[in-house]
Each structure stands twice: as C-alpha cells, then as structure tokens.
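Numbering (the numbering used here), first residue to last: 780 to 963.
Glycine included, every Cβ here is placed at the ideal spot set by N, Cα and C.
The structure presented is a predicted model; accordingly, all values stated were derived computationally and were not measured.
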C-alpha cells in the first residue's frame, strides 16, 4: 500500500509542475516544462505498474527536448517506432494503448507543427491520456491531463480569437527564432 501512495504522491508532484505548462506562449519554455512534467509523470506510471504509459511519458520527455534542436523527419519516425514498439510490447488491456496513440500523435505534432496547430493536435492527444489515467486510477495523472484538456482548450480558443483580430499570440516565439535562428 505504501508503494501505491508513493506513486500517487509522484503523480501529484507532476500535477503541480505541469499545471502551468500550457499558459506559456514561448514555445521553448513550453517544451522544456512539458518535458519535465513528462519525465516525472513517467516515473509515476512506472510506480503504478503501467509500463506502456510510463515508457510513453519518458519518451515524451526526451522527444520534447529533442524537438528544441531538430524537426528532422527521421528523428520523428524513430520516436514513433520506439513509442509503438515499447507500448505494444507490454500492454495487457486495450486502454493501455491510448497513451501510446496519444504519444504518437503528439510526436507528429511537435515535429511537424508549431503554434496553434501544434496545440490543437496535442489537445486531441490529451484526451487519450485522460481516459487512460482515469481507468488506471491515477489521481495526479487524471487531474493534470484533465487540467491540460481544459487549460489548453481555453488557450486554443483565446489564441484563435487573437489571430482572428490580427494579433499574433506567438509573436514572442517568432521574434526569438528570427533573432536566433540556431535556436530552432
């Protein structure tokens, strides 16, 4: 029983770290914070005995940091294959495939999109994680992914409205990349 509460405690720590992730408009800060959250929630899932979710979360953390340096198609394919392979190797219930599918979709989004389209695809991926985490009984995981679903959804609407008014909500990010093209 102590291991269960340790796992839940790690999940709550991940919740506390991840709660402000989607507020960031700067893509670099967004990705760094998302990576830290993913690593900690990965530990939580391993402690809960959910290997497919744990491996998907840890790959999320690594992949997200790598997208700060490259958006190379072959690197994306490598992460998709690793995620699918590790997830399929140890799943016992079809619901355990939801975080694997969510990670594959978000990998595609992080390598191929930026700004609002990236956040929209990640929002769909989050739905997979919410269902899985609720099924697993992950308190912190369900709270954080449910929060991500709501917060990212509200930010998508806010950013979309800004774009409709001719305001670039990602101008900070665009200016940084124009000043420092190597930061891509």
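Task: Check whether residue 797 and residue 783 have beta carbons under 8 angstroms apart - done: To locate residue 797, count along the chain shown from 1; it is residue 18. To locate residue 783, count along the chain shown from 1; it is residue 4. Cβ distance not < 8 angstroms, so residue 797 and residue 783 don't count as in contact.
TODO: Return the Cβ separation of residue 930 and residue 886 in integer angstroms, given the expectation that the two are a contact with Cβ distance under 8 angstroms.
DONE: Numbered from 1 along the chain shown, position 151 holds the residue referred to as residue 930. Numbered from 1 along the chain shown, position 107 holds the residue referred to as residue 886. Rounded, the Cβ-Cβ distance is 21 angstroms, inconsistent with contact.
Open item on the list: Measuring straight from C-alpha to C-alpha, what distance separates residue 877 and residue 858?
Closed with: Here the question's residue 877 lines up with position 98 in the chain shown. Here the question's residue 858 lines up with position 79 in the chain shown. Spanning the two alpha carbons is a distance of roughly 16 angstroms.
- [ ] Find the nearest neighbour of residue 908 within the set 899, 923 and 896, judged by alpha-carbon distance.
- [x] For the purposes of this step, residue 908 is taken as residue 129 along the chain shown, with counting starting at 1. Of 899, 923 and 896, the residue nearest in Cα terms is 923.
- [ ] In the DSSP assignment, find the unbroken alpha helix (DSSP H) run with residue 897 in it and report its ends.
- [x] Taking the chain shown and counting its residues from 1, the one referred to as residue 897 is at position 118. From DSSP, the alpha helix (DSSP H) with residue 897 extends over 894-915.
- [ ] Note the first and the last residue of the continuous alpha helix (DSSP H) segment covering residue 797.
- [x] As a working note, residue 797 is residue 18 in the chain shown. 781-797 is the extent of the alpha helix (DSSP H) around residue 797.
Task: With 16 other Cβ atoms within 10 Å as the buried cut-off, status of residue 867 - done: Numbered from its first residue, the chain shown carries residue 867 at position 88. Residue 867 comes out exposed.
- [ ] Taking residue 920 and residue 828 to be in contact with their CB atoms under 8 angstroms, please state how far apart those CB atoms are, rounded to whole angstroms.
- [x] Locating residue 920 in the chain shown gives position 141, counting from the first residue. Locating residue 828 in the chain shown gives position 49, counting from the first residue. Residue 920 to residue 828, Cβ: 13 angstroms. No contact.
Task: Cutoff 6 angstroms; reference residue 888; Cβ partners in own chain excluding five residues on either side - done: Locating residue 888 in the chain shown gives position 109, where the first residue counts as 1. If we look at residue 888 and ignore the five residues flanking it on each side, its Cβ neighbours are 897, 900 and 901.
Task: Of the listed residues 819, 927, 917 and 894, nearest to residue 948 (C-alpha basis) - done: Taking the chain shown and counting its residues from 1, one reaches residue 948 at position 169. The shortest Cα separation from residue 948 among 819, 927, 917 and 894 belongs to 894.
Open item on the list: For a test of the three-state rule: what should DSSP assign to residue 922, helix, strand or coil?
Closed with: Within the chain shown, residue 922 is the residue found at index 143, counting from 1. Helix, per DSSP.
Task: Minimum C-alpha distance to residue 905 - residue among 918, 882 and 914 - done: Along the chain shown, read from residue 1 onward, the residue named residue 905 stands at position 126. Comparing Cα positions, the closest option is 882.
Open item on the list: Are the CB atoms of residue 800 and residue 794 within a distance shorter than 8 angstroms?
Closed with: In the chain shown, counting from the first residue as 1, residue 794 sits at position 15. In the chain shown, counting from the first residue as 1, residue 800 sits at position 21. Not closer than 8 angstroms, so no.
TODO: Determine the closest residue to residue 802 out of 875, 935 and 890, with distance taken between C-alpha atoms.
DONE: Indexing the chain shown from 1 puts residue 802 at position 23. Considering only alpha carbons, the answer is 935.
Task: Cβ-based burial, residue 839 [other Cβ within 10 Å; buried from 16] - done: Indexing the chain shown from 1 puts residue 839 at position 60. Buried, since its Cβ has 16 or more Cβ neighbours within 10 Å.
- [ ] Taking residue 855 as part of the alpha helix (DSSP H), name the residues at either end of that continuous run.
- [x] Here residue 855 is taken as the residue at index 76 of the chain shown, counted from 1. Run containing residue 855: 852-868, per the alpha helix (DSSP H) assignment.
Task: Sequence-distant residues of the same chain with beta carbon closer than 6 angstroms to residue 844, five excluded per side - done: Here residue 844 refers to the residue found at position 65 when the chain shown is read from its first residue. Hits under 6 angstroms: 814.
Task: residue 809 (DSSP reduced to helix, strand or coil) - done: Within the chain shown, residue 809 is the residue found at index 30, counting from 1. Here residue 809 sits in helix by DSSP.
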